[in-house]
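All remarks here apply to the structure that follows.
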Amino acid sequence: MASIKEQFEIPGKLKTWAYALIGIGGVALFYGMFTKGFSTDEHEQVHFWGTLMYNTIFWTLVTNAAMFFLCFSTMAQAAWMQSFRRIAEAISTLVPVFGSITFAVLIYVVVSEKHHIYHWLDAAAVAKDPILKGKAGFLNPTFFIIWTTLAIALWSYFGYRMRQISREADENPMDAETAKSFNIRSMTRSGFFLVWFGLTVASTVPWLWLMSIDAHWYSTMYSWYTFASSFVAGMALIALWVIYVKNKGYLELTNSEHLHDIAKFMFAFSIFWTYLWFSQYMLIWYANIPEETVYFKHRVQGAYKPIFFLNLVVNFLAPLLILMKRSAKRNFTLVAFMAVLILFGHWIDFYQMVMGSLMKDHVTLGWLDFGILGFFVGVLILMVARSLASKPLIAKNHPFLKESIIHQV
Amino acid sequence: MAQKKFVVGCFDDEKVLFPAVKQVRTAGYKIKDVYTPFPVHGLDHALGMRETSLHTAGFIYGITGTTTAISCISWIFTKDWPLNIGGKPHFALPAWIPIIFELTVLFAAVGMVLTFLYLCQLAPGVKKHHFHKRATDDLFVMVIECTEKTNADDLKALLNSNGAVESEIQVAEDGWWFGTYDTENDNLYKQVAH
């Protein structure tokens, strides 16, 4: 493997783009923060903080999905992803960064009692409301702050532990015994992450951060729906980085066989997302109980109708029809295109999940949304590239690497 | 039903098999098939086999199922026998989606299984000639059909020089038949003595 380029060097163009995006996005972010976020008009406040919230939560969960991917693959002793595992690791280094932004935004929203975002923050209203009173054991500022802190801190910490153990496969060749214990230790560490992931992303965190915006409403599908949305976007992000880095002449060991499996994840979890979307929608449509239909009323029949159906076309029909063929999943250009489409689609999904509940009367999609999106994408590009450049691209002594090299679908 | 002449070469290792396949194909012979005890990665590519169209057929069956479900349910519930179910509109698409999905899967699955059986000429009672019994155990069996231009002995020598552990010339039934494996029936199988 002497010909393998192990060291990623950040292309100048990528840096320029990242700085440009951070610059433009940062201007939009801060201009929005001072004109809207700190304005006296509550409507404007909700617009700004809501927009920032869905962006930061989306990117935190998407980058966290990269670590989830690594952990469940490790747990299943999967080998095929070893040739590009450093890409997923680099993406997961963003969890503490975006997590801190999410933490700051959410804590600010809760501490400053923005009850137009989280209705359950309004103590006077809760006291008069039997439904909110019943939920108060879960939906209260103290628990919210503790759980949010724990969630973000432990994702970051368990993710860091996973990345650390992966570095052990860099330098010294392993004999059979070392490899065996390395494997067991990797699985143990991924276990911690997975359990915590199940207790947070797959259940409580979407309830707290997103579903509690509609404080009276609940759906048992909601957390899985959020998880599916962020996971499929996470796979799309991994695909995009793999294709980009490969295109720059690195990742010689990753080929269309690996791409095929990544694209299978994108395809399968788009279907899974639709399954949850539909399960949530159909039961509420069928029962037709006002307490439940309140969530869909303005989405299906109101201002959010175009966004709502665009969501379904971009995130279900497009992946279903375009990614179905084997040759499509092995085509780098097409998978790159679909990855961008899926990322955009699930960003729109998060948009309608949050803003659809906060600004029921009109669609607010505009300069603020794209500005903040640009800021996050810029930070993502810069930090992932830096993280990639800071360590070898291949964990060359990983016991499963050989299996990944000869991987064939 | 027609009897044809085949040259059969047996290999006991994939590592020997792959170069042999390459050599035989380079020499200009068309390999009928290689029978293996287990699926061998990349062998279909080495043999230059066309990718299967089974999935395209599956897609068409699936679409047929979707169309059948949509047209049947919508005709029944809006034209033929409209019923008021829970005050829902007659054209109640969300309620139909699960059935549409089920019918899509049913048509695709059954259709693909039947197509697969047809393509592989498999059915209860259908028998086909086995070129070598150990193909189901531990041997990779390469079969080349002889044309009038083929010199079977040359081919046999080529197989042997490429690492075949056994090689023979068989005249055997090419298609399938109903019935039993009757080794005394000369119409079905006979080994050419050399």
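So the protein lines, in turn, are chains U and X. To get the working numbering, take the position in the first sequence, counting from 1, and add 137. To get the working numbering, take the position in the second sequence, counting from 1, and add 1432. Glycine included, every Cβ here is placed at the ideal spot set by N, Cα and C. The structure displayed is predicted, hence computed values, not measured ones.
Exercise. How big is the Cα-Cα spacing for U/A306 and X/M1481?
Worked result: 40 Å
For this session: With 8 Å as the threshold, decide whether the Cβ of X/H1626 is near any Cβ in chain U.
Result: For X/H1626, the pLDDT reaches just 47, beneath the cut-off of 50, and the residue's location in the model is therefore unreliable, although a value from the coordinates is still provided. Output row for X/H1626: interface = no.
Problem set entry | Within 8 Å of chain X by C-beta, residues of the stretch 359-390 of chain U in sequence order | none
Exercise. What first and last residue would you give for the alpha helix (DSSP H) that runs through X/V1573?
Worked result: Unbroken run through X/V1573 is the beta strand (DSSP E), 1572-1577; no alpha helix (DSSP H).
Problem set entry | Chain-ordered residues of the stretch 1457-1477 of chain X with a beta carbon less than 8 Å from chain U | H1473, G1474
Exercise. Fully enclosed by the stretch 290-333 of chain U, which alpha helix (DSSP H) runs are 4 residues long or longer?
Worked result: Runs of the alpha helix (DSSP H) lying entirely within the stretch 290-333 of chain U, each at least 4 residues long, are absent.
For this session: Compare the C-beta of U/M348 with all C-beta atoms of chain X and state if any pair is closer than 8 Å.
Result: no
Problem set entry | The alpha helix (DSSP H) enclosing U/A273, as first and last residue numbers | Element bounds for U/A273: n/a, residue is neither H nor E.
Problem set entry | Beta-bridge pairing of X/Y1467 - partner residues as DSSP gives them | X/V1573
For this session: Could you tell me whether the Cβ atoms of X/D1606 and X/K1454 are closer together than 8 Å?
Result: no
Exercise. Taking C-beta to C-beta, are U/Y432 and U/W354 nearer than 8 Å?
Worked result: yes
Exercise. What does U/W422 reach in chain X if we use C-beta pairs closer than 7 Å?
Worked result: P1526
Exercise. Counting only runs that start and end within the stretch 172-251 of chain U, where is the alpha helix (DSSP H) found for 4 or more residues in a row?
Worked result: 179-212, 222-229, 231-248
Exercise. If the cut is a Cβ gap below 7 Å, which residues of chain X does U/Y418 touch?
Worked result: P1526
Exercise. According to the Cβ coordinates, are U/F206 and U/A225 closer than 8 Å?
Worked result: yes
Exercise. Below 8 Å between beta carbons: does that hold for U/S541 and U/Q219?
Worked result: Taking 8 Å as the Cβ cut-off, U/S541 and U/Q219 qualify as a contacting pair.
Problem set entry | Start and end residues, alpha helix (DSSP H) containing U/G511 | 504-526
Problem set entry | Interface residues of chain U facing X/I1532 [CB-CB closer than 8 Å] | Within chain U, no residue comes near X/I1532; the closest Cβ sits about 11 Å away, beyond 8 Å.
Exercise. Can you name, in chain order, every residue of its own chain whose Cβ lies under 6 Å from the Cβ of X/L1449, other than the five neighbours on each side?
Worked result: F1443, F1572
Exercise. Smallest Cα separation from U/W217: which of U/N384, U/P148, U/N392, U/L530?
Worked result: U/N392
Exercise. X/C1442 lies in the beta strand (DSSP E); which residues open and close that run?
Worked result: 1435-1443
Exercise. Taking just the CA atoms, how far does X/G1490 sit from U/L510?
Worked result: U/L510 and X/G1490: Cα-Cα distance of roughly 40 Å.
Exercise. In terms of alpha-carbon separation, which member of X/T1582, X/W1609, X/D1476 lies closest to X/H1562?
Worked result: X/W1609
Exercise. Looking at chain X, which residues of the stretch 428-456 of chain U have a Cβ within less than 8 Å of any of its Cβ atoms?
Worked result: none
For this session: Taking U/Q545 as the query, report the chain X residues whose CB atoms sit under 8 Å from its CB, ordered along the chain.
Result: Here the neighbours are H1473, G1474.
For this session: Counting only the same chain and skipping the five closest in sequence on each side, list residues whose C-beta sits under 7 Å from that of X/D1586.
Result: Taken in chain order, the list of residues that qualify is empty.
Exercise. If you follow the alpha helix (DSSP H) that X/M1598 is part of, which residue opens it and which one closes it?
Worked result: Looking at the sequence shown, residue 1598 of chain X is not Met but Glu. Element bounds for X/E1598: not the alpha helix (DSSP H) but the beta strand (DSSP E), 1598-1605.
Exercise. Which residues in chain U sit within 9 Å of X/I1529, going by Cβ to Cβ distance?
Worked result: Simply F415, M419.
Problem set entry | Option nearest U/L336 by Cα separation, candidates U/Q214, U/W361, U/S349, U/M324 | U/W361
Exercise. So, are the CB atoms of U/I479 and U/S407 less than 8 Å apart?
Worked result: One thing to note: U/I479 has its Cβ within 8 Å of the Cβ of U/S407.
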